[in-house]
Structure formats: C-alpha cells, structure tokens
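Trainee: Take the sequence shown: its position 47, counted from the start at 1, is 47 in full-length UniProt numbering, and no numbers get skipped. Glycine residues also receive a C-beta, built at the ideal position from the N, C-alpha and C atoms. Quick one: the structure is below, questions incoming.
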Amino acid sequence: MSQMAVFINSLSVLLFLYAAWTDFRTWKIPNTIVLALVTLYALRAVAVMLASEDVGAALFASSGIGGDVGAGLLMFMLGVVLWAFRLFGAGDAKLFLPIGLFVGWHGMLPFSFLLLVLGIVTLLVLRLPVPLRVAHLAFFMRIEEIRASRKIPYGVIMVFAVLLTLALPIIRQQQ
1 MSQMAVFINS
11 LSVLLFLYAA
21 WTDFRTWKIP
31 NTIVLALVTL
41 YALRAVAVML
51 ASEDVGAALF
61 ASSGIGGDVG
71 AGLLMFMLGV
81 VLWAFRLFGA
91 GDAKLFLPIG
101 LFVGWHGMLP
111 FSFLLLVLGI
121 VTLLVLRLPV
131 PLRVAHLAFF
141 MRIEEIRASR
151 KIPYGVIMVF
161 AVLLTLALPI
171 IRQQQ
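Shown next as structure tokens:
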C-alpha cells in the first residue's frame, strides 16, 4: 500500500473517532463527517489505482474498489431500511456507507460479527450501575442519560467495530 493510502487511512481513523464522539455527546452524526469519510475513501481509491500495476484488478475485483463500493452501497441500503423502521437514526444509517467503503466486501463478515458482539456488550454494560465515586464526572453522567433515555448512540459501537475490523489484517501480519 502506498504511503498516501496509509496517510488517508490514518485520517479516516481520526474522522471515525470524531463521528463516534459526536454521536456519544449529541446522538447526531453530522453529514460533513460522512462526506469527508467518503471523500477520503475516493482519494485512497485513486492512490491505490495509481500505485497498482493491474488497474482492472484494482477496480473490478471483489477485494478491490468495486468490492468496496458494493459493500458500501449494500450497507447504506441496510442502514436506510433500519432507519425506515426507526431502529437507527439517520446519521447511523449514513455512516454505514463509509464504513462499507473502508472495510470492503471481504471485511463485512468480521465487521458484522464485531458489531453484534460489541452491541451485546454495550447492552450488558448499560445495565451495570455507575460507581458513586465517578458518577459526578461528565462521561458517566452522559452514560446515565443514555441509560435513562434508552437511546443508544449506535455510531459509537459501529465505529469501534470498523476500527477493530480494519486492525485485524495488521494484527495478523504481525503474528
């Protein structure tokens, strides 16, 4: 992978984390973050194509840009359906598009599994009481507000699942 693609991936990690933080604080994911992530993916795709010797394979293979776009569109459609049934907010549904682009076709299964596990863990953790020693801190006050409202900022769970999915190949490579 070219240095430009690595730099773009690093920027995308920061933007994903910002999306999670914004969703945690406000239950909203701004369109600008989603558009910035899609733009970063487009720049990464151009960098990958320029560095590739076989442009056709980089574009049309399931592990290439075509698979990434297919995954992004499929996940976006799933997000829209979940939003239509009022199971997700609009920001969460839109965030599925850049997540699909970055994890690609072959990363959808690990992402889905991690999303399920992290979702279950989140539901279990929200059942635990907040210790009184830290209940006055802003973070834990927000946790109490989330618990009381029964509205979960799914963007946080989605972002951690995508970051773990993106880290899996790096972890495998180092073993």
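1. Count the other CB atoms, across all protein chains shown, that sit within 10 Å of the CB of Leu6; report buried if there are 16 or more and exposed otherwise.
2. At what residues does the alpha helix (DSSP H) containing residue 200 begin and finish?
3. Jot down the residue ranges of each uninterrupted beta strand (DSSP E) in the UniProt domain "Prepilin type IV endopeptidase peptidase" (13-123), minimum 3 residues, whole runs only, in chain order.
4. Taking its Cβ as the centre, do 16 or more other Cβ atoms sit within 10 Å of Lys94, making it buried, or is it exposed?
5. Taking Val38 and Leu97 to be in contact with their CB atoms under 8 Å, please state how far apart those CB atoms are, rounded to whole angstroms.
6. Please list the terminal residues of the continuous alpha helix (DSSP H) segment that includes Leu164.
7. Closest to Val103 by C-alpha separation, out of Thr165, Val159, Leu115, Met49, would be which residue?
8. Per DSSP, what kind of secondary structure is Ala5 in: helix, strand or coil?
9. Could you pull out every residue in the same chain whose Cβ sits closer than 7 Å to the Cβ of Ala45, ignoring the five residues on either side in sequence?
10. Looking at the structure shown, is Leu11 part of a helix, part of a strand, or coil, going by DSSP?
11. Count the CB pairs spanning the region 122-140 and the region 66-85 that are closer than 8 Å, and state whether there are at least three.
Mentor: Let me lay it out:
1. By one-based count along the sequence shown, residue 6 stands at place 6. One point to set straight first is that residue 6 is Val, not Leu, in the sequence displayed. Exposed, because fewer than 16 other Cβ atoms sit within 10 Å of the Cβ of Val6.
2. Outside the shown range of the chain, which is 1 to 175, sits residue 200, and nothing can be said about it.
3. none
4. Here residue 94 refers to the residue found at position 94 of the sequence shown. Classification of Lys94: buried, given that the 10 Å Cβ count is 16 or more.
5. Here residue 38 refers to the residue found at position 38 of the sequence shown. Here residue 97 refers to the residue found at position 97 of the sequence shown. Indeed they touch by this definition, with Cβ atoms about 6 Å apart.
6. For this step, residue 164 is matched to residue 164 along the sequence shown. First-last of the alpha helix (DSSP H) with Leu164: 154-174.
7. Taking the sequence shown and counting its residues from 1, one reaches residue 103 at position 103. If we check each option's Cα against that of Val103, Thr165 comes out closest.
8. Within the sequence shown, residue 5 is the residue found at index 5, counting from 1. Residue state, collapsed to three classes: helix.
9. On the sequence shown, position 45 is the one that residue 45 refers to. Answer for Ala45: Ile65, listed in chain order.
10. For the purposes of this step, residue 11 is identified with residue 11 of the sequence shown, where counting begins at 1. Leu11 falls in the helix class under three-state DSSP.
11. no
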